Amino acid sequence: MHLFRKSTRPAQGLKVSNGGKKLYRIGIHSNVKSNANFTDGHVWLSSEESGTNGMRTYGLWNNNSGVFGVLSSGLGNGVILNKEGAYRPQASKFFLIDRVQYNTFQNYINTPDTWYITNTCAEWARDAIYATTGNYLDVDDNFGIETPRELSRTLGK
Numbered sequence: 000m001h002l003f004r005k006s007t008r009p010a011q012g013l014k015v016s017n018g019g020k021k022l023y024r025i026g027i028h029s030n031v032k033s034n035a036n037f038t039d040g041h042v043w044l045s046s047e048e049s050g051t052n053g054m055r056t057y058g059l060w061n062n063n064s065g066v067f068g069v070l071s072s073g074l075g076n077g078v079i080l081n082k083e084g085a086y087r088p089q090a091s092k093f094f095l096i097d098r099v100q101y102n103t104f105q106n107y108i109n110t111p112d113t114w115y116i117t118n119t120c121a122e123w124a125r126d127a128i129y130a131t132t133g134n135y136l137d138v139d140d141n142f143g144i145e146t147p148r149e150l151s152r153t154l155g156k
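What follows is the structure, encoded as structure tokens:
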């Protein structure tokens with residue numbers, strides 16, 4: 000089950016019912032429009048438990064110097080919690096998920112990962128949504144590199 004919302008702001012006191020099962024809302028966001036430059040922007044995830052106002056964000060960041068990052072994994076965890084608080088999304092898509100899916104989501108975001116040119120924030124976030132919901136979002140841009148602007152194109156922004 001998924002829900003697309005055009006609003007880019009978090010729901011205040013998200014209240015939903017699913018036969019007594021607790022629901023969660025996860026989102027994928029891009030802070031650039033579809034006409035942005037190839038190297039611009041960031042894609043991140045958010046999660047919120049139903050009945051709460053507390054939203055968390057998760058993003059994959061380049062924790063190494065240089066635009067290309069590193070070419071191999073294992074140099075540290077580039078997954079950072081709540082760094083995107085000041086970012087304003089230009090495109091977002093939200094999904095309502097159950098507890099089992101939320102556990103899958105948590106396992107994915109808690110797995111250490113490293114940003115590099117062929118493992119970008121856009122790819123990492125897209126793969127989290129796919130692993131959790133089965134929804135595959137196109138973020139593949141030029142040269143097969145995943146970008147925030149391509150997520151915005153996919154979401155029609």
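Residues in the sequence shown are numbered from 0 upward in steps of one, following numbering that gives the first Met the number 0.
Note that beta-carbon positions come from the ideal geometry of N, C-alpha and C, so glycine has one too.
Keep in mind it's a predicted model, so treat the numbers as computed, not measured.
- In the DSSP assignment, residue 118 is bridged to 115.
- Around the beta carbon of residue 80, a 10 Å sphere encloses fewer than 16 other beta carbons of the protein chains shown; the residue is thus reported as exposed.
- Per DSSP, reduced to three states, the secondary structure at residue 43 is strand.
- Each residue's CA atom was taken as its position, placing residue 122 and residue 59 some 9 angstroms apart.
- Residues 1, 94, 96, 100 of the same chain have their beta carbon placed closer than 7 angstroms to that of residue 132, with the five preceding and five following residues left out of the count.
- For residue 147 against residue 26, the beta-carbon gap comes to about 14 angstroms, at or over 8 angstroms, which does not count as contact.
- Bridge partners of residue 56 according to DSSP: 45.
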